Amino acid sequence: MCGIAGVFNLNGELFSQSHLKKMADLIAHRGPDAEGYFIDRGVALAHRRLSILDTSPKGTQPMSSKNKEWVILFNGCIYNYLELKQELKSKGHEFISTTDTEVICEGLASQGTSFFKRLNGMFAIAAWNTKEETLFLSRDRYGVKPLYYWHNGKTLVFASEIKSIIAHPDFKVSIDTGALNEYFTFQNLFSFRTLFKDVTMLPPANTVKINKDTTFVKHDSWWDYDFSKTDEKMTFEDAREETSRLFKQAVTRQMIADVPVGSYLSGGMDSGSITAIASKQVDRLSTFTCGFDMSEVTGVEANYDERRDAELMANHFKTEHYEQVMNAGDLSWSLPKLVYHLEDLRVGMSYPNYYISRLASKFVKVCLQGTGGDELFGGYPWRYYRVFKSLDQNDFFNNYYDFWQRLVPDGDRSKLFVPNVSSSIRHEEPREIFERVFTFNKSLNYDTPEQHINNSLYFEIKTFLPGLLLVGDKLSMANGLEERFPFLDNDLVDFAQTIPVRHKLGQLENRKRIDENSEKKKRAYQEFDDGKNVLRKAMEGFIPERIINRKKQGFSAPDESWYRGENANYVKELLLNKKTVSSEFISQDYMKSIVHDHIDNHVNHRLLIWSFMNFEWWCRIFLNKEKI
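When you read off a place in the sequence shown, starting at 1, and then add 6, the result is the number in this note's numbering.
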């Protein structure tokens with residue numbers, strides 16, 4: 007796990023080493039253990055290392071293949087590198103380290119960039135071919151490790167974080183108002199642009215090739231999810247047994263490290279199951295939970311604290327357990343730091359991620375995470391049942407798009423932006439971006455309830471999941487901590503896509519029989535928790551029955567209550583004064599109405615207020631260059 011950055015001057019002009027070091031220093035938090043540089047014929051590569059495998063200097067990057075044809079930067083971890091290493095050894099390749107980085111070097115020397123497809127793990131790779139004088143950039147299947155680039159026609163700059171790109175002397179920060187429109191629709195970016203104009207995130211499972219003749223950066227997609235080829239002959243018992251086997255295999259694979267490994271323990275089934283298996287791999291596993299001060303919390307949020315269930319499992323598995331308890335005051339202290347590290351705003355409330363990774367980093371260098379189980383195994387049934395009876399593709403789009411307008415719906419965004427911003431954007435664009443996620447995949451069909459549900463799974467794993475992964479990576483790496491995701495193991499993912507929907511959702515057939523005209527329809531679709539049915543059964547025997555049968559709930563701070571109570575003054579001071587920088591883009595009258603509606607307990611606007619505060623700090627830090 008590391009930070010990478012680099013520059014390719016297409017005219018062959020050498021790039022300043024002092025500027026390169028400045029770019030690397032800005033992401034030193036991603037790799038506090040070592041640094042390395044390579045400059046030759048217009049290409050300049052920088053690496054900051056967090057030592058996980060082979061902590062000796064033999065793992066230093068940039069690293070070259072033995073034939074000197076490839077020089078690479080690598081951020082991530084490859085879980086099948088030992089198998090690949092044996093294969094390469096049988097073909098005559100020699101190794102001097104025990105790193106996965108060296109395996110990638112020799113794999114490229116042996117097979118070229120097709121080798122990327124064989125990697126089971128998380129990665130962002132920059133590979134310089136010295137013979138062809140060509141630069142390749144590639145990301146893992148799921149988008150666990152970030153990689154951004156900026157191309158102005160004569161220079162390409164890339165990095166794990168945008169702050170390194172900003173440090174390039176030719177780059178000037180400005181805002182992409184189209185991306186801003188997208189963010190305030192979805193609280194996410196479904197396209198691969200960023201809030202920084204002309205800075206692009208390389209899509210997952212894509213490779214780009216750049217040489218001196220490159221005028222346009224073309225994304226070459228080499229893998230995609232496919233939920234369309236389910237094995238309808240698969241029995242529930244077969245699905246359960248194979249899920250259990252592959253899950254145990256995935257957790258065991260991801261325990262590989264030469265440094266201490268721990269596990270987050272939220273109190274839910276996914277993290278609990280990971281902990282169950284991981285605790286058998288080490289003498290005394292360290293586990294970490296985040297909780298909240300509930301003294302001023304009311305309503306449904308009073309149930310958000312999961313420490314009791316986490317403590318139950320920690321005792322059950324005899325882990326060395328640590329807890330972080332957050333209060334309302336943590337928001338104002340952490341928010342500028344969060345935005346600085348996130349850079350590219352995504353999804354909802356995230357400051358607990360920062361605090362829990364900061365806690366874990368004091369004891370371990372690697373932490374297992376349960377993200378991905380919901381998206382693969384159907385953990386959000388209330389979303390799928392909104393659309394599973396859609397009549398056709400257009401009906402499906404209409405129903406699902408309504409849900410995913412998480413912040414400001416189409417009809418209100420003209421009120422959101424100030425006039426000059428509103429006139430500069432295409433208000434219909436978010437809908438087009440939403441539909442392109444589906445139309446990109448030609449295998450999707452819209453004829454049956456099962457197809458509609460699989461389409462929902464496809465959409466969420468392509469959009470919502472990458473947002474969660476980006477937040478996880480940025481905030482854990484801010485604390486020099488590597489997060490790993492056992493549910494995102496290639497073998498487990500490949501199998502999960504073949505499991506019939508009826509095995510994932512336990513009440514599917516009953517839901518099909520609900521009368522569409524019934525007044526109780528909406529309630530019937532909301533008051534159930536039948537998701538991840540096969541996964542629940544697969545986890546039996548791993549974790550306590552109480553956790554298996556617990557009703558699904560999201561992990562969130564009690565912000566609805568805190569914005570009305572202890573943090574109300576902070577919200578108003580940040581968003582509703584003459585110094586509010588974001589009012590250059592966002593109508594202050596609109597912000598005022600949203601804030602007061604929430605504080606006066608008329609409407610729950612916690613998601614939108616969170617996004618307003620994030621964007622305000624984004625403007626202060628990246629546009630106004632305010633120090634934090």
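C-beta atoms are modelled at their ideal positions from N, C-alpha and C, and glycine is treated no differently. These figures come from a predicted structure and were not determined experimentally.
Problem - Alpha carbon of Ser277 to alpha carbon of Gly379, nearest angstrom - result: 10 Å
Practice task
Determine the closest residue to Tyr148 out of Trp339, Phe470 and Asp264, with distance taken between C-alpha atoms.
Solution key: Phe470
Handout entry: Own chain partners of Phe369 with C-beta closer than 6 Å, once the 5 adjacent residues on each side are dropped
Key = Ser292
Exercise for the section: Please confirm whether Arg392 and Gly473 have their CB atoms less than 7 Å apart. Expected result: no
Handout entry: Nearest neighbour of Ile505, chosen from Tyr155, Gln67, Asp237 and Lys203 [CA to CA]
Key = Asp237
Exercise for the section: Measure the alpha-carbon distance for Ile110 versus Asn400 and round it to whole angstroms. Expected result: 44 Å
Practice task
Return the CA-CA distance between Val414 and Asn426, expressed in angstroms with no decimal places.
Solution key: 18 Å
Exercise for the section: Could you give the DSSP three-state label for Asn126: helix, strand or coil? Expected result: coil
Problem - Pro358, buried or exposed, once every other Cβ within 10 Å from all chains shown has been counted against 16 - result: buried
Handout entry: Bounding residues of the beta strand (DSSP E) (the contiguous stretch that carries Ile490)
Key = Before going on, a small fix: residue 490 reads as Arg here, not Ile. Segment Glu488 to Arg490, the beta strand (DSSP E) holding Arg490.
Problem - Complete runs of the alpha helix (DSSP H) confined to the segment 384-433 [at least 4 residues] - result: 387-390, 399-410, 419-422 and 425-430
Practice task
For His433, collect the residues of the same chain with a Cβ closer than 8 Å to its Cβ; drop the 5 residues on either side in sequence, then sort them by chain order.
Solution key: Asn187, Asp416, Arg419 and Ser420
Practice task
Compute the Euclidean distance between the alpha carbons of Met372 and Leu475, then round it to the nearest angstrom.
Solution key: Sequence check: residue 372 is Val here, not Met. If I take the Cα positions, the gap works out to 15 Å.
Exercise for the section: Check Ala334 in the structure and name its three-state DSSP category. Expected result: coil
Practice task
Find out if the Cβ-Cβ distance for the pair Gly486, Pro387 is shorter than 7 Å.
Solution key: no
Handout entry: Residue burial classification, Glu248 (beta-carbon count within 10 angstroms, cutoff 16)
Key = buried
Practice task
Could you say if the segment 317-324 and the segment 436-447 meet the contact criterion of at least three C-beta pairs nearer than 8 Å?
Solution key: no
Practice task
Take Met597 and list the residues in its own chain whose beta-carbon comes closer than 7 Å to its own, dropping the five residues that flank it on each side.
Solution key: Leu581, Leu582 and Phe618
Problem - Contiguous beta strand (DSSP E) assignments of at least 3 residues, all confined to the segment 124-205 - result: 127-135, 140-145, 154-157 and 161-165
Handout entry: Through-space distance from His602 to Ile431, alpha-carbon basis
Key = 27 Å
Practice task
Could you tell me the boundaries of the alpha helix (DSSP H) in which Trp229 lies?
Solution key: Run containing Trp229: none; DSSP gives neither H nor E here.
Problem - Secondary structure of Val477, DSSP reduced to three states - result: helix
Handout entry: Any 3 or more C-beta pairs closer than 8 Å across the segment 56-68 and the segment 20-30
Key = no
Handout entry: Leu374: first and last residue of the uninterrupted beta strand (DSSP E) it sits in
Key = Val372 to Leu374
Problem - Arg570 versus Asn607: straight-line alpha-carbon distance, rounded - result: 7 Å
Exercise for the section: Rounded to whole angstroms, what's the CA-CA distance from Asn15 to Lys160? Just pull it up for me. Expected result: 6 Å
Exercise for the section: Could you tell me which residues DSSP puts in a beta bridge with Leu79? Expected result: Ala132
Handout entry: One or two residues paired with Arg54 in a DSSP bridge
Key = Gly9 and Glu41
Practice task
May I have the straight-line CA-CA distance separating Val223 from Glu488, to the nearest angstrom?
Solution key: 30 Å
Practice task
Kindly identify the DSSP beta-bridge partner or partners of Ser279.
Solution key: Beta-bridge pairing links Ser279 to no other residue.
Handout entry: Complete alpha helix (DSSP H) runs within the segment 545-623 (minimum length 4 residues, chain order)
Key = 551-554, 565-570, 574-581 and 594-605
Handout entry: Distance between beta carbons of Glu566 and Asn610, contact taken as under 8 Å
Key = 5 Å
Exercise for the section: Indicate, with yes or no, if the ligand FAD has a heavy atom lying under 6 Å from the CB of Lys343. Expected result: For the ligand FAD, the structure offers nothing, since it holds no ligand at all.
Practice task
Note down, in chain order, each residue of its chain lying with its Cβ closer than 7 Å to the Cβ of Glu622, except the 5 sequence neighbours on either side.
Solution key: Leu580, Leu581, Thr586, Val587 and Ser588
Handout entry: Reduced DSSP category for Asp31 - H, G, I as helix; E, B as strand; rest coil
Key = helix
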